[in-house]
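Each residue of the first sequence is one higher than the one before, counting from 154 in this note's numbering.
The beta-carbon is built from N, C-alpha and C at its ideal position, and this holds for glycine as well.
Notes follow once the structure below has been shown.
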Amino acid sequence: MKNQKVAWIFNRIADYLEMDGIDFRTKAYRNAAHTIETLSLDIEDVRSEGRLQELPGIGSKIAQKIEEIIDTGSLEYYENLKKETPVDFEALLAVEGLGPKTIKLLYKELGVKNLDDLERETKRHHIRRLRGMGDKTEKKILENLEFARKNTGRRLLGYVLPQSREIQEEINKLDIVERVEIAGSIRRRKETVGDIDILVITQNPDEVTDFFTSMKFTEEVIAKGSSKSTVRLKNGLDADLRVFPEDEFGSAFVYFTGSKEMNIELRKIAIKKGLKLNEYGVLRDDEQLAGKTEEDVFNILGLSYIEPELRENRGEVDAAALGKLPDLVGYHDLKGDLQMHTKWSDGSSTIKIMAESAKNLGYQYLAITDHTGTLRIAGGMGDEQIKMQMKEIDQVNQELEDITILKGLEVNIDSDGLLDIKNELLADMDVVLASIHSGFRQDREKMTDRIISAMENENVDIIAHPTGRKIQERRAYDLDFNRIYEAAQETNTILEVNAHPNRLDLSDINIRRALEAGCKLVINTDAHKREELSFAELGIATSRRGWAEKKDIINTLPLKKLLKNFNLN
DNA sequence: GCCGTTTTCGGCCCGACTGTTTTCAGTCG
154 MKNQKVAWIF NRIADYLEMD GIDFRTKAYR NAAHTIETLS LDIEDVRSEG RLQELPGIGS
214 KIAQKIEEII DTGSLEYYEN LKKETPVDFE ALLAVEGLGP KTIKLLYKEL GVKNLDDLER
274 ETKRHHIRRL RGMGDKTEKK ILENLEFARK NTGRRLLGYV LPQSREIQEE INKLDIVERV
334 EIAGSIRRRK ETVGDIDILV ITQNPDEVTD FFTSMKFTEE VIAKGSSKST VRLKNGLDAD
394 LRVFPEDEFG SAFVYFTGSK EMNIELRKIA IKKGLKLNEY GVLRDDEQLA GKTEEDVFNI
454 LGLSYIEPEL RENRGEVDAA ALGKLPDLVG YHDLKGDLQM HTKWSDGSST IKIMAESAKN
514 LGYQYLAITD HTGTLRIAGG MGDEQIKMQM KEIDQVNQEL EDITILKGLE VNIDSDGLLD
574 IKNELLADMD VVLASIHSGF RQDREKMTDR IISAMENENV DIIAHPTGRK IQERRAYDLD
634 FNRIYEAAQE TNTILEVNAH PNRLDLSDIN IRRALEAGCK LVINTDAHKR EELSFAELGI
694 ATSRRGWAEK KDIINTLPLK KLLKNFNLN
């Protein structure tokens with residue numbers, strides 16, 4: 154699976170080209186990178202089928218470069234660009250205000266290659282001597298440099314979402330604010346978030362902007378204009394505020410939600426129709442034809458409404474034009490949660506508390522799925538403990554009404570693909586999840602074999618966190634997804650969408666691939682205390698980003714149907 | 001470098017803000 158690597162190289166090439174002021178070739182490489190990054194197929198498979206040039210934005214030249222990367226692991230063209238300008242691009246670009254042009258200037262004139270060089274030259278006041286630079290630029294670089302060192306960019310959606318809602322509530326308290334919405338990648342529910350985008354309807358832009366730039370969450374003001382301002386928050390994130398009147402709200406909301414790539418597609422459609430789309434509306438010769446609501450904007454472009462989670466330019470615009478968008482699983486569609494832990498292993502709440510919490514969320518059922526034997530670190534249960542826990546579940550089931558606790562386990566798949574609990578005991582369970590917790594670095598075939606042999610055990614119902622990734626922490630292990638999806642269907646095994654904020658595993662792209670291959674999914678929180686049951690929202694969001702419908706997710710079924718259809722006796 | 005029910009050549013999304021500029025380039029989203 155070299156998709157990410159190929160996309161990464163193309164983005165770096167685009168950086169180098171942008172340095173030299175080459176506009177459209179830069180765009181071609183960025184387009185190609187986006188196509189490959191979000192591709193629901195393995196680029197190596199596409200290549201071996203000889204279909205690279207059928208992908209959008211990929212022509213003969215870029216196809217050749219993809220082949221070179223797949224065959225040799227590197228790309229000569231890129232290596233040459235690196236030699237020509239050997240700078241640490243990613244580090245320098247992370248400094249707010251520095252872009253490719255400035256980085257080039259700093260390298261040519263002062264030999265700046267990395268953050269240390271940049272700091273030295275700034276402190277010596279060499280930067281202000283350069284054309285277009287002044288003392289304010291130097292000061293800004295120095296401030297932002299510290300920030301770039303401390304913050305490696307994006308944060309997890311699960312942590313930013315509550316914070317953004319808190320800010321939203323605070324702004325909403327102002328009398329002059331008619332409406333305040335969170336837009337940007339948070340609204341699209343992207344798994345990581347770079348900043349917080351806030352959109353406000355008001356007749357008094359100045360007052361709202363003043364509040365925003367001085368509210369209790371704000372650390373410092375980065376930019377402040379009449380319609381747009383940016384602040385750095387105390388939590389280290391940047392937040393943008395944009396202020397609009399009511400009749401421009403819809404077009405502003407579309408524009409400010411993004412993604413940038415989808416916006417570009419929408420604008421192209423507008424141009425074809427002789428119109429212009431910007432944040433102020435859909436215009437014909439400066440006359441606003443639409444703009445009050447998002448629906449109006451999509452409709453006048455001949456599109457049905459596109460849910461924010463789909464707005465990534467991954468085919469949703471074409472689907473909207475054809476009226477073939479998926480009917481996404483809803484945020485209130487789950488009837489239960491099939492993975493959570495209690496004090497019996499590494500969780501911190503009791504079975505009863507978890508059950509009551511699930512009931513409060515409106516669920517009909519939950520499965521208690523504590524760790525088993527070999528996972529000592531997670532307080533894994535042995536046979537005797539499992540039997541004792543089953544008795545406790547029977548007891549709590551009798552005490553509580555309108556909620557059913559299913560008996561479950563999360564068993565460990567060892568390095569040979571074997572499970573750590575005897576089959577006779579597994580057969581007594583309602584729900585058995587199997588997952589990998591060690592030996593991540595085996596090769597692709599071996600990892601795939603391990604998971605498939607677990608699927609082949611008739612007692613295993615679900616493969617939990619199937620790729621083992623932890624966002625910004627640990628890569629997914631290398632799997633042959635075609636084999637996994639095929640085996641999942643043959644063995645009637647459900648793949649999990651683990652809703653834990655740093656897992657979201659399967660990811661949005663893998664969810665879409667799994668669904669295209671015909672698999673069924675379950676959205677589980679993997680909660681280790683009762684508060685974490687609310688992570689379900691993140692799992693649903695990720696599933697929506699993977700184009701999942703209600704029928705694709707087994708825990709949208711009521712209890713009886715769930716048990717009947719999926720043999721969870 | 002890619003792409004085409006107006007084009008195989010000539011286009012390629014759009015606007016706000018900042019700093020250093022006398023009219024604009026660079027960055028950001």
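- Per the C-alpha coordinates, the member of His187, Leu579, Thr644, Glu685 positioned closest to Met543 is Leu579.
- Around the beta carbon of Ser338, 16 or more other beta carbons lie within 10 angstroms, which makes this residue buried.
- For Asn452, the uninterrupted alpha helix (DSSP H) run begins and ends at 447 to 453, by DSSP.
- Contact annotation: Asp614 and Val584 have beta-carbon atoms nearer than 9 Å.
- In this structure, the beta-carbon distance from Thr345 to Leu386 does not fall below 9 Å.
- Of the other Cβ atoms in all chains shown, fewer than 16 fall within 10 Å of the Cβ of Met541; this residue is therefore exposed.
- Taking 9 Å as the cut-off, the beta carbon of Phe397 is found no closer than this to the beta carbon of Ala336.
- For Asp359, the enclosing alpha helix (DSSP H) begins and ends at 358 to 367.
- For Tyr518, there is no enclosing alpha helix (DSSP H); the residue is part of the beta strand (DSSP E) that begins and ends at 518 to 524.
- Under the three-state reduction of DSSP, Met534 is assigned to strand.
- Contact annotation: Leu674 and Ile637 have beta-carbon atoms that are not nearer than 9 Å.
- Under DSSP, the beta-bridge partners assigned to Gln441 are Leu436.
- In the three-state scheme derived from DSSP, where H, G and I count as helix and E and B as strand, Leu572 is classed as strand.
- Looking at the DSSP output, Arg332 shares a beta bridge with Ile354.
- In the DSSP assignment, Asp567 forms no beta bridge with any residue.
- Closest by C-alpha distance to Arg594, out of Ile616, Leu572, Asn297, Arg622, is Arg622.
- Secondary structure note for Ser338: its alpha helix (DSSP H) is the uninterrupted segment 337 to 340.
- Selection Leu352, Glu373, Leu170, Glu545 evaluated against Thr179 yields Leu170 as nearest (Cα-Cα).
- Using a Cβ distance threshold of 9 Å, Leu562 and Leu519 do not count as a contacting pair.
- Put simply, of Ser660, Glu202, Leu430 the residue whose alpha carbon is nearest the alpha carbon of Trp700 is Ser660.
- Proximity to Asn645 across Lys155, Asn663, Asn612 peaks at Asn612, based on C-alpha coordinates.
- Taking C-alpha positions only, Ser510 is separated from Thr503 by approximately 11 Å.
- Every alpha helix (DSSP H) of 4 residues or more that sits fully in the region 477 to 520 is shown, in chain order, as 504 to 513.
- In the DSSP assignment, Arg603 falls within the unbroken alpha helix (DSSP H) covering 597 to 609.
- Leu194 sits in coil when the DSSP states are folded into three classes, being neither helix nor strand.
- Here DSSP, grouped into helix, strand and coil, assigns Gly403 to helix.
- By a beta-carbon distance limit of 8 Å, Ile196 does not contact Ile215. Their separation comes to about 12 Å.
- Judged by DSSP secondary structure, Val159 falls within the alpha helix (DSSP H) whose first and last residues are 156 to 172.
- Taking 9 Å as the cut-off, the beta carbon of Asn565 is found closer than this to the beta carbon of His590.
- Residue range 429 to 431 is occupied by the beta strand (DSSP E) that includes Asn431.
- With fewer than 16 other beta carbons inside 10 angstroms of its own, Ser501 counts as exposed.
- According to DSSP, residue pairing for Leu668 in a beta bridge does not occur.
- Here Ala301 is not near Ala376, since their CB atoms are 9 Å or more apart.
- By the beta-carbon neighbour count (other beta carbons within 10 angstroms, threshold 16), Arg656 is buried.
- In the three-state DSSP reduction, Ser588 falls in the strand class (E or B).
- CA-CA distance, Arg395 to Asn635, rounds to 45 Å.
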